[in-house]
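Quick notes on the structure that follows.
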Amino acid sequence: MTTRPLRILIAKPGLDGHDRGAKVMARAFRDAGFEVIYTGLFQTPEMIATAALQEDVDAIGLSILSGAHMSLFPRIMSELRQRGLDDVLVVAGGTIPEPDIAEVLAMGIARVFGPGTSMSTAIAYVREHAPHRPDHVA
Amino acid sequence: MSLDDLVSGALTGNQRSLSRLATFVESQSDQASAVRQLLRGHGGSAHVVGITGPPGAGKSSILAHLATSLSDAGKSVAVIAVDPTSPLSGGATLGDRIRMSEAALRPNVFIRSLASRSRLDGLAPATLDMIRLFDAAGYGYVFLETVGSGQNQVEIANHVQSLLLVEAPGAGDSVQMLKAGIMELADVYAVNKADLPGAQLLSRELRSMLSLNEQFPGQWQPRIVLCSNETGEGFADLIQAIDDHGAHLRQSGTAQEHRHRLARSKTMYAIQQLIDRYAAVNEEVFAAVADGQLTPEGAAETLLKSISQVPRPEF
Numbered sequence: 128m129t130t131r132p133l134r135i136l137i138a139k140p141g142l143d144g145h146d147r148g149a150k151v152m153a154r155a156f157r158d159a160g161f162e163v164i165y166t167g168l169f170q171t172p173e174m175i176a177t178a179a180l181q182e183d184v185d186a187i188g189l190s191i192l193s194g195a196h197m198s199l200f201p202r203i204m205s206e207l208r209q210r211g212l213d214d215v216l217v218v219a220g221g222t223i224p225e226p227d228i229a230e231v232l233a234m235g236i237a238r239v240f241g242p243g244t245s246m247s248t249a250i251a252y253v254r255e256h257a258p259h260r261p262d263h264v265a
Numbered sequence: 004m005s006l007d008d009l010v011s012g013a014l015t016g017n018q019r020s021l022s023r024l025a026t027f028v029e030s031q032s033d034q035a036s037a038v039r040q041l042l043r044g045h046g047g048s049a050h051v052v053g054i055t056g057p058p059g060a061g062k063s064s065i066l067a068h069l070a071t072s073l074s075d076a077g078k079s080v081a082v083i084a085v086d087p088t089s090p091l092s093g094g095a096t097l098g099d100r101i102r103m104s105e106a107a108l109r110p111n112v113f114i115r116s117l118a119s120r121s122r123l124d125g126l127a128p129a130t131l132d133m134i135r136l137f138d139a140a141g142y143g144y145v146f147l148e149t150v151g152s153g154q155n156q157v158e159i160a161n162h163v164q165s166l167l168l169v170e171a172p173g174a175g176d177s178v179q180m181l182k183a184g185i186m187e188l189a190d191v192y193a194v195n196k197a198d199l200p201g202a203q204l205l206s207r208e209l210r211s212m213l214s215l216n217e218q219f220p221g222q223w224q225p226r227i228v229l230c231s232n233e234t235g236e237g238f239a240d241l242i243q244a245i246d247d248h249g250a251h252l253r254q255s256g257t258a259q260e261h262r263h264r265l266a267r268s269k270t271m272y273a274i275q276q277l278i279d280r281y282a283a284v285n286e287e288v289f290a291a292v293a294d295g296q297l298t299p300e301g302a303a304e305t306l307l308k309s310i311s312q313v314p315r316p317e318f
């Protein structure tokens, strides 16, 4: 059995042109040995779920600064479920206000990383919580 | 889910199964060999098209157009897009999807990004297996997009039936056209960014370079197509040129020659893999060379001699 790099999709949902954070995280995951699929800006929930499906990623990082997380996240989670991607680890980052976090977690998003989170915290979390798949021995 | 289930899912159009199988294939593990066995006897009818050229020439954008148009015409399209692995961290940024995320929504389009991992020739270790997988799954066109490549990353020509080279204006003068390498090998040349100054000149220079080729009867005449993502011009001609080349291969009997080349390339690569795996567990040979106890040539002979005596399952 060989080991393979973990694959993570970094996605920017919706009308949100600020991708500095997403690019910094994409770079940080790359430097930590992940294969990072970057979707670019303005992705619909359907595009994100399709990319996750076709790329067979272990994890998805959603970056959102538009304030539309409460309407976009449930749609992304539902598109993922429709495609049978229940085992993919989904985390979120950006500007998600504290009072929304409990509800975001209840949607099936594993963890919310707010402003000021160190990159190593996010990377360690994903590495630890990515699903154990038959083809992956880390 | 067992590999058999995944294979039957992939063969009947289930994208989830296909995607999981692609991961197994990419892992180059024992499961990858099992998948290879299960796929035997399937496929063989895809038109495998390589697309290469320098970084930023527009390979992914062109593919987005081609995939969309072909899908509109009822054809199914798989895209295998390779981006470089970091030699420092082993990680990679795979960004080819950015241009293709609209196209990927179509049910008959499947886009998969691959990291180049240990390979330095613009391809990825699992490239051939991945082509085989999408071919078996029934995709009519399988496009293989290389890492942004310069002049001598020519191995792709051994992997595909038709080779498309994408160039854009502004990268050197006509002497570049005289240089050996990938310039000699393409079946179709796309001069992209045709809306920019210099595109017509580039196209003329290409034409004049190709006119110096030796001519044989029945030989394919490489096509030059000007295209532009800004104006949308040229993509229909590009598809026509690719299809014409496919038809030429079938009619001229060069398909047989191509199968032979591909078989050779696959086998040579399998040999290389075997040596790599064996060398990885025999590091002491390299230490002996470093210490001056063995010459590199002597070490190579030692390694190859002992490799033939080891039963396969040991590595």
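Read top to bottom, the protein sequences are chains A and B.
Take 128 as the starting number for the first sequence in the working numbering and just add one per residue.
Take 4 as the starting number for the second sequence in the working numbering and just add one per residue.
The beta carbon of each residue, even a glycine, is placed where N, CA and C say it ideally should be.
The structure displayed is predicted, hence computed values, not measured ones.
Quick check on residue i - is its C-beta less than 7 Å from some C-beta in chain A?
i                            : result
phenylalanine 113 of chain B : yes
serine 116 of chain B        : yes
glutamine 275 of chain B     : no
serine 22 of chain B         : yes
threonine 96 of chain B      : yes
leucine 108 of chain B       : yes
arginine 122 of chain B      : no
serine 231 of chain B        : no
glutamine 18 of chain B      : yes
arginine 100 of chain B      : yes
serine 92 of chain B         : yes
threonine 26 of chain B      : yes
What first and last residue would you give for the alpha helix (DSSP H) that runs through residue i?
i                         : result
arginine 267 of chain B   : 257-283
leucine 213 of chain B    : 202-214
isoleucine 185 of chain B : Unbroken run through isoleucine 185 of chain B: none, as it is neither H nor E.
proline 19 of chain B     : The sequence given here has arginine at residue 19 of chain B, not proline. Per DSSP, arginine 19 of chain B belongs to the alpha helix (DSSP H) from 18-29.
isoleucine 310 of chain B : 299-310
isoleucine 203 of chain A : 196-209
proline 226 of chain A    : 225-233
serine 36 of chain B      : 33-42
leucine 136 of chain B    : 130-139
methionine 152 of chain A : 147-158
alanine 174 of chain B    : Where alanine 174 of chain B is concerned, there is no enclosing alpha helix (DSSP H), given that its DSSP letter is neither H nor E.
glutamate 286 of chain B  : 286-293
proline 9 of chain B      : The amino acid occupying residue 9 of chain B in the given sequence is leucine; proline does not appear at that position. Unbroken alpha helix (DSSP H) run through leucine 9 of chain B: 6-14.
Could you spell out where the beta strand (DSSP E) holding residue i opens and where it closes?
i                        : result
aspartate 221 of chain A : Just to set this straight, residue 221 of chain A is glycine in the shown sequence, not aspartate. Start and end: 216-221.
valine 163 of chain A    : 162-165
valine 169 of chain B    : 165-170
arginine 238 of chain A  : 238-240
If we ignore side chains and look at the alpha-carbon of each, how far apart do residue i and residue j end up?
i                            : j                         : result
valine 264 of chain A        : valine 163 of chain B     : Because valine 264 of chain A carries a pLDDT of 36, less than 50, the predicted location of this residue cannot be relied on, and the following value inherits that uncertainty. Taking the straight line from one Cα to the other gives about 32 Å.
serine 5 of chain B          : glycine 12 of chain B     : 11 Å
proline 316 of chain B       : glutamate 158 of chain B  : Interpretation of proline 316 of chain B is limited by its pLDDT of 49, a score under 50 that renders its predicted location unreliable; the figure taken from the coordinates is listed afterwards. Computed Cα separation, rounded: 29 Å.
leucine 215 of chain B       : glycine 56 of chain B     : 22 Å
leucine 166 of chain B       : tryptophan 223 of chain B : 12 Å
leucine 307 of chain B       : lysine 269 of chain B     : 19 Å
glutamine 275 of chain B     : glycine 220 of chain A    : 43 Å
alanine 179 of chain A       : glutamate 217 of chain B  : 48 Å
glycine 94 of chain B        : glycine 184 of chain B    : 29 Å
serine 63 of chain B         : glutamate 304 of chain B  : 43 Å
leucine 205 of chain B       : valine 194 of chain B     : 7 Å
phenylalanine 200 of chain A : methionine 234 of chain A : 8 Å
proline 128 of chain B       : glutamate 29 of chain B   : 8 Å
alanine 139 of chain B       : leucine 14 of chain B     : 7 Å
aspartate 8 of chain B       : arginine 23 of chain B    : 11 Å
isoleucine 310 of chain B    : tyrosine 281 of chain B   : 7 Å
methionine 197 of chain A    : leucine 133 of chain A    : 28 Å
histidine 259 of chain A     : isoleucine 101 of chain B : 28 Å
aspartate 279 of chain B     : tyrosine 144 of chain B   : 32 Å
arginine 254 of chain A      : serine 205 of chain A     : 24 Å
phenylalanine 318 of chain B : valine 284 of chain B     : Model confidence at phenylalanine 318 of chain B stands at a pLDDT of 44, short of 50, so the residue's coordinates are unreliable and nothing is read from them.
threonine 130 of chain A     : serine 92 of chain B      : 15 Å
DSSP puts residue i in a beta bridge; with which residues?
i                         : result
isoleucine 250 of chain A : Isoleucine 250 of chain A pairs with nothing; no bridge assigned.
alanine 138 of chain A    : A:Leu189
glycine 145 of chain B    : Note on identity: in this sequence residue 145 of chain B is valine, with glycine being the wrong assignment. B:Val51 and B:Ala81.
alanine 193 of chain B    : B:Val169 and B:Val228
glutamine 254 of chain B  : According to DSSP, glutamine 254 of chain B bridges with nothing at all.
glutamine 170 of chain A  : A:Pro140
Check the Cβ-Cβ distances between residue i and every residue of chain B, and say whether any is below 7 Å.
i                         : result
threonine 248 of chain A  : no
glycine 160 of chain A    : yes
glycine 155 of chain A    : Checking the sequence shown, residue 155 of chain A turns out to be alanine, not glycine. Alanine 155 of chain A does not count as touching chain B.
isoleucine 187 of chain A : no
aspartate 214 of chain A  : no
methionine 197 of chain A : no
isoleucine 70 of chain A  : This structure gives no information on residue 70 of chain A, because the portion of chain A shown stretches from 128 to 265.
Examine the ligand SAM and report whether any of its heavy atoms sits within less than 6 Å of the Cβ of residue i.
i                      : result
glycine 167 of chain A : The model depicted lacks the ligand SAM and carries no ligand whatsoever.
Give the list of continuous alpha helix (DSSP H) stretches no shorter than 4 residues that lie fully inside the region 46-126 of chain B. Whole alpha helix (DSSP H) segments, 4+ residues: 62-75.
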